[in-house]
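Read in order, the letters of the sequence shown correspond to residues 546 to 692 in the numbering used here.
Positions of the beta carbon are idealized from the N, C-alpha and C atoms, including for glycine.
Keep in mind that this is a model prediction, so the values were computed, not measured.
Encoded as structure tokens, the structure appears first; notes follow it.
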Amino acid sequence: MTRDSIHLIAHCLLNPHTRLKGLQPPAFEPEGAVVQLPCPEALLLGLDRWAVTFEQLDHPIFRRLAQELIRPVADLAEMFSDNGHRVVVVGVAKSPSCGIFTTTFGFEGGLPRTAEHRHVAGPGVFMEELAQELAERRIEVEWMEVG
Ligand code: SF4
């Protein structure tokens, strides 16, 4: 029997205060049961952080943080999946952390500047780690992104 869907939702879709200053939250109405994922960028870099790109987060300490944050969420997802729930992950378009189908590249080092970043197809670092963890546990998941 398939039970209710469980949505694993990027943190800022429920709490926009973790988003980069000046970024408007995407319009989003959560449906059904939700599990709020942690915000890896706020936890590592704080609320007053600069914008970052995929390359800046694609290093061991950020990936280790992501893996630590993801493990308990994956435990929950595994239990829900084993109990017949459909698991859906909802990410944030173009985020270097939480993009599912689109992310942001462009960091080349040096002084802070934002004009050079570009949006490309592919997941952010946090969602890449989440996908790997869920795949290793053979949890069937649907993916969507908003924004
Ligand atoms: S997209 Fe992810 S990392 Fe960025 S503010 Fe939202 S939850 Fe945090």
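Rounded distance between the beta-carbons of residue j and residue i, thought under 8 Å
| i | j | result |
| --- | --- | --- |
| Arg682 | Glu586 | Actually they are not in contact, since the Cβ atoms of Arg682 and Glu586 sit about 25 Å apart, beyond 8 Å. |
Which of helix, strand or coil DSSP assigns to residue i
| i | result |
| --- | --- |
| Val597 | coil |
| Asp741 | The displayed coordinates of the chain run from 546 to 692. Any statement about residue 741 would go beyond what the structure contains. |
| Gln569 | coil |
| Ala660 | coil |
| Glu673 | helix |
| Glu574 | coil |
| Glu685 | coil |
| Ile615 | helix |
| Ile645 | coil |
| Ala587 | helix |
Neighbourhood of residue i by C-beta, 6 Å cutoff - its chain only, sequence neighbours within 5 removed
| i | result |
| --- | --- |
| Leu565 | Ala596 |
| Ser640 | Gly669 |
| Asp603 | Val670 |
Beta-carbon proximity list for residue i, same chain, < 7 Å, skipping 5 on both sides
| i | result |
| --- | --- |
| Leu589 | Phe607 and Leu610 |
| Cys584 | His556, Cys557 and Thr563 |
Same chain only: Cβ atoms within 8 Å of residue i, ignoring 5 sequence neighbours per side
| i | result |
| --- | --- |
| Glu687 | Arg631, Val632, Val633 and Val634 |
| Arg616 | Glu678 |
Residue i: CB within 6 Å of a non-hydrogen atom of ligand 1
| i | result |
| --- | --- |
| Val618 | no |
| Val637 | yes |
| Ser626 | no |
| Thr648 | no |
| His556 | yes |
| Glu690 | no |
| Arg609 | no |
Would you be able to state if there are at least three C-beta pairs under 8 Å between the stretch 597 to 606 and the stretch 648 to 668? yes
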